Amino acid sequence: MLQNLKYTIVLSSLVTSSCTVFSNAKEKDYNQQVDFLVLTAPSVNLDVMDRAAPARLDIFQLTKKPTFIYEEYLDLIDEDNDLKGDLLVKDQHMIIPDTIKSIPLSLEKDTNYLGITTGFRDIENTSWKIVLQKQPPQWWSQNSYLYLKVDSSGIFQISKRQMKEELKKYAKRHPNDKSVTKSGVFKKPKYDYSKGIFTNKL
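Just so you know, we're using the numbering used here here: the sequence shown kicks off at 2 and counts up by one.
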């Protein structure tokens, strides 16, 4: 009798533990992974000598958009600004003229909007900010992607077809860049883990 009781307790513990692990895994897997590419034009963020320069790119995951829309650039990039509670996650990147950048983007469960800002020198005369609404996912379709183009006039969302054409032009300008094919396909880098998680190949 005592042995059966012990067996029942152990079995119950295992079931509870398994349910907890499954629940956590299910919650963790909810984050939607997005194929995010940013194409930066050759003549972007020009200085007074018409020389292109890198620019800061900030990505905001938002529950609501009104505060983001009306905030000024310096207020948005302020580390202490949570946009009245609408901000879930903020990431910062640098974009370099005439490059393609693949950015890891994992959407939070409560993300309804994605806000993006670019720190241009002449910020008053450029479209430095966009906000995009997340659409319901389609389980039968691979639509989890976002393509942006940054040029001298600002930052814009483009379609898959438009990105393909931009990548073809990029491939002509950079024939030695193996990350983009002549047909306009971006190939994600293959990582070398022979020395662990970190690498000096930049």
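Glycine included, every Cβ here is placed at the ideal spot set by N, Cα and C. Every value quoted in this text rests on a predicted model; they were computed, and no experiment measured them.
Beta-carbon proximity of residue i to residue j, cut-off 8 Å
| i | j | result |
| --- | --- | --- |
| residue 43 | residue 53 | yes |
| residue 36 | residue 145 | yes |
| residue 151 | residue 49 | no |
| residue 172 | residue 183 | yes |
| residue 130 | residue 108 | no |
| residue 34 | residue 138 | no |
| residue 147 | residue 112 | no |
Closest Cα partner of residue i within the set the options
| i | options | result |
| --- | --- | --- |
| residue 83 | 96, 97, 65 and 99 | 65 |
| residue 165 | 156, 32, 155 and 38 | 38 |
| residue 47 | 90, 169, 75 and 126 | 126 |
| residue 154 | 108, 124, 113 and 138 | 124 |
| residue 128 | 196, 195 and 70 | 70 |
| residue 118 | 74, 108, 193 and 88 | 74 |
| residue 99 | 168, 158 and 195 | 168 |
| residue 95 | 79, 51 and 55 | 55 |
| residue 163 | 185, 193 and 136 | 185 |
| residue 157 | 32, 132, 113 and 72 | 132 |
| residue 191 | 72, 103, 161 and 78 | 103 |
| residue 207 | 198, 176, 78 and 51 | The displayed coordinates of the chain run from 2 to 203. Any statement about residue 207 would go beyond what the structure contains. |
Expected contact under 8 Å - CB spacing of residue i and residue j to nearest Å
| i | j | result |
| --- | --- | --- |
| residue 115 | residue 62 | 6 Å |
| residue 93 | residue 57 | 7 Å |
| residue 40 | residue 97 | The pair is not a contact, with the Cβ atoms about 11 Å apart (cut-off 8 Å). |
| residue 60 | residue 91 | 7 Å |
| residue 180 | residue 187 | 6 Å |
Span of the alpha helix (DSSP H) around residue i
| i | result |
| --- | --- |
| residue 139 | Unbroken run through residue 139: none, as it is neither H nor E. |
| residue 173 | 161-174 |
| residue 68 | 67-71 |
| residue 76 | 74-77 |
Beta-bridge pairing of residue i - partner residues as DSSP gives them
| i | result |
| --- | --- |
| residue 188 | None, per the DSSP bridge assignment. |
| residue 1 | As shown, the chain starts at 2 and ends at 203. That puts residue 1 outside it, with no answer to give. |
| residue 61 | 91 and 116 |
| residue 103 | 38 |
| residue 152 | 155 |
| residue 45 | According to DSSP, residue 45 bridges with nothing at all. |
N-terminal and C-terminal residue of the beta strand (DSSP E) that residue i is part of
| i | result |
| --- | --- |
| residue 92 | 88-96 |
| residue 35 | 33-41 |
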